[in-house]
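Undergrad: Provided herewith is a single structure, encoded as structure tokens, for subsequent inquiry.
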Amino acid sequence: MPRAPRNVPRTPPAACSNACPPRCHHASLLPLPRCSRLLPPPPLLAPSSSPRRWETAVMAPRWKSGDGRRRLLLLLCCCLLAFPCHAQVTNVSHRSDQAIHSFVGTYGINYGRIADNLPPPEDVVRLLKLARIRNVKIYDADHKVLDAFRGSGLNLVVAIPNEFLKDMAANPSKAMDWLNENVQPYYPSTRIVGITVGNEVLGGGDTGLAEALVGAVVNVHDALRMLRLDRKIELSTPHSEAVFANSYPPSSCVFRDDLMVYLRPLLDFFSKTGAPFYVNAYPFLAYMSDPSHIDINYALFKPNSGIVDPKTNLHYDNMFEAQLDAAYFALEAAGYPGMEVRVAETGWASAGDATEAGAGMVNAVTYNRNLRKRLFLRKGTPYRPDRVAKAYIFALFNENLKPGPTTERHYGLFKPDGSVSINIGLKGLVASSAAAPPPPSLMAFKRVRAWGWIVQYAAVLLPCTLIFLALAT
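All letters in the sequence shown, in the order written, are residues 2 to 474 by the working numbering.
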């Protein structure tokens, strides 16, 4: 649920930096061991016809001494040509990379359903496949949704709502009952890859709920372990920006002291299970809270001068990356430098009240389109370049029954009839004027990705060809 942040960065006006694409590393050829063998001394032959000259002859082997090694090298080159490397070498030094793969790629979406006019879940599955969105997060465990996702191949994260946490913390059998009702009958035909325990519990002012969070998480994990699902289904809880005492500049970000009594055991537990730290990051809400001091281009990924963190000297040309690194700095300050940060929610409202600065279709299209392009680069942040940024977009649909200001009902990429609301180049169930072809820049970006494997193949082919020619001469 979007919520205004406590602290927001103040930024000057503008200019952007270029991102470097990830590189693919290929294995190099190792030198082959030398082989030698002793040959018998050459026999003496009769004198030749030339006066006063004797000849010696050696029984020469069929190959020259270097031919065997050359032929083996040629064989290895042929193997490289037949099986080129297309995959990137990933960093597996962190436990969370080795544990549960709950997120495919870098782009996911939140499927909220506080509405009375949404399409049936079966149509939603078809929409998600048309849009090529494979990671989906819901806010409950509705059985109609779980049934519709059977056999779809889509990754689904289900949720235990806040109202269940106190009972689950007090009674471990409640956690097992919930799993037996909402996970066991559907897994694995419905690809449930994660469970979120509560949403934005800490920093919300409900002390009783905050005290129950860790107990509920532990009991759900114990129940998953008894079902032998603890290494197949990731357990996590999303946080709002309210858990931070401050977030500007990113290097100064720390957790609130009054929340550490709850955060410390929670982070200890997740560091053992390898779960990421999920945060709801909204540059839109930061801008809306202080539009006179924040450059909107900085919030929208548009060209701007950005900010430079005075402590690290790192440059940030967009607020999204600054918010991610702020969370990384807070985790490091708390003693968890190896924990991954993922974005559980981010988005921009396409409409709002007169008092909600920045809300509107143009900005919503700009933010969501630029965010999608940024995530598809598959790169990290200035402070954590080895950690690929991953995010769930908020939201799939406009939800007409959500309470609060107008923005709450206008985050959806799609309208309830399945047509496009915020056009970022995705296909909808119904054609609409908003679903125009993607801009040339996005189409060019897709072409680069589609032809990327040819570049990787050429990178192997060229040196192997040169080696082949060198050895053949």
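The beta-carbon is built from N, C-alpha and C at its ideal position, and this holds for glycine as well.
Leaving aside the five residues before and after Ala282 along the sequence, list all residues of the same chain whose C-beta is less than 6 Å from its C-beta, in chain order.
TA: So the qualifying residues of the chain are Gln324, Val344 and Thr347.
Undergrad: List in chain order: all unbroken beta strand (DSSP E) runs of 3+ residues lying wholly within the region 109-136.
TA: Segments of the beta strand (DSSP E) lying fully in the region 109-136: there are none.
Undergrad: For Phe415, tell me which candidate among Glu235, Arg265, Lys145 and Met362 has the shortest Cα-Cα distance.
TA: Closest option to Phe415, Cα to Cα, is Met362.
Undergrad: So what's Ala246 in DSSP terms, helix, strand or just coil?
TA: Strand.
Undergrad: Could you compute how far the alpha carbon of Pro121 sits from the alpha carbon of Arg375?
TA: The alpha-carbon atoms of Pro121 and Arg375 are separated by roughly 31 Å.
Undergrad: Exposed or buried, which one is Ala355 when buried takes at least 16 other CB atoms within 10 Å?
TA: Under this definition Ala355 is an exposed residue.
Undergrad: With distances taken Cα to Cα, identify the nearest neighbour of Ser241 among Leu260, Thr408, Arg226 and Ala170.
TA: Comparing Cα positions, the closest option is Leu260.
Undergrad: Under the rule that 16 or more other beta-carbon atoms within 10 Å means buried, what is Val421, buried or exposed?
TA: Val421 comes out buried.
Undergrad: Suppose the cutoff is 7 Å on Cβ atoms and the five residues either side in sequence are ignored; what does the same chain contact list for Ile297 look like?
TA: For Ile297, where only same-chain residues beyond five positions count, the Cβ hits under 7 Å are Tyr288 and Gly359.
Undergrad: List the endpoints of the continuous alpha helix (DSSP H) containing Phe165.
TA: That residue, Phe165, is in no alpha helix (DSSP H); it is neither H nor E in DSSP.
Undergrad: Using only CA atoms, which one of Val126, Ile115 and Ser290 lies nearest to Gly419?
TA: Ranking the options by Cα distance to Gly419, first place goes to Val126.
Undergrad: From Phe321 to Pro162, what does the alpha carbon distance come to, in whole angstroms?
TA: Roughly 27 Å separates the two Cα atoms.
Undergrad: For Tyr112 and Pro311, I'd like the C-alpha separation in whole angstroms.
TA: Going by the C-alpha atoms only, they are around 39 Å apart.
Undergrad: Ala352 to Leu286, Cα distance in whole Å?
TA: Whole-angstrom Cα-Cα distance: 13 Å.
Undergrad: From Ala142 to Ile234, what does the alpha carbon distance come to, in whole angstroms?
TA: Spanning the two alpha carbons is a distance of roughly 14 Å.
Undergrad: Could you give the C-beta distance for Thr382 and Lys303, rounded to a whole number, given that I count them as a contact under 8 Å?
TA: The Cβ separation is near 18 Å, so there is no contact.
Undergrad: How big is the Cα-Cα spacing for Leu430 and Ala335?
TA: Their backbone Cα atoms lie some 46 Å apart in a straight line.
Undergrad: With distances taken between CB atoms, is the gap from Leu267 to Phe256 smaller than 7 Å?
TA: No, the pair does not count as a contact, with Cβ atoms beyond the cut-off.
Undergrad: Going by beta carbon distance, what residues of the same chain come within less than 7 Å of Ile193, once the five residues before and after it are set aside?
TA: So the qualifying residues of the chain are Leu157, Val159, Val184, Tyr187 and Ile234.
Undergrad: Restricting to Cα atoms, I'd like to know which of Lys167, Asp168, Lys130 and Leu402 is closest to Gly154.
TA: Residue Lys130 is the option with its Cα nearest to Gly154.
Undergrad: If you reduce the DSSP assignment to three classes, tell me which class Thr197 lands in.
TA: Strand at Thr197.
Undergrad: Would Ala501 and Met169 qualify as a contact pair, given that the criterion is a beta-carbon distance under 7 Å?
TA: Given a span of 2 to 474 for the chain in the structure shown, any question on residue 501 remains unanswerable.
Undergrad: Is it buried or exposed, Asn369, if we count other Cβ atoms within 10 angstroms and call 16 or more buried?
TA: The residue in question, Asn369, is buried, as its Cβ has 16 or more Cβ neighbours within 10 Å.
Undergrad: In the DSSP assignment, find the unbroken alpha helix (DSSP H) run with Ala360 in it and report its ends.
TA: Segment: none, Ala360 is in no alpha helix (DSSP H) and carries neither H nor E.
Undergrad: Which word fits Arg133, buried or exposed, when buried means at least 16 other C-beta atoms lie within 10 angstroms of its C-beta?
TA: Exposed, by the Cβ-count rule.
Undergrad: For the alpha helix (DSSP H) holding Thr208, just list the boundary residues, first then last.
TA: Element bounds for Thr208: Thr208 to Met227.
Undergrad: Who are the Cβ neighbours of Glu357 in its own chain at under 8 Å, not counting the five residues just before and after it?
TA: Excluding positions up to five away in sequence, the list reads Met289, Ala350, Pro406, Thr407 and Thr408.
Undergrad: From the DSSP output, which residues share a beta bridge with Asn281?
TA: Its beta-bridge partners are Glu346.
Undergrad: With a 10 Å radius around its C-beta and 16 neighbouring C-beta atoms as the bar for buried, classify His27 as buried or exposed.
TA: Because His27 sits at a pLDDT of 40, beneath the cut-off of 50, its placement in the model cannot be relied upon, and the point is left open.
Undergrad: Return the CA-CA distance between Asn118 and Pro250, expressed in angstroms with no decimal places.
TA: Roughly 42 Å between the two C-alpha positions.
Undergrad: Measuring CB to CB, does Arg388 end up less than 7 Å from Asn401?
TA: No, Cβ-Cβ distance for Arg388 and Asn401 is not below 7 Å.
Undergrad: Kindly indicate which residue of Leu230, Ile425 and Gly209 has the alpha-carbon position closest to the one of Ser103.
TA: The shortest C-alpha separation from Ser103 is found at Leu230.
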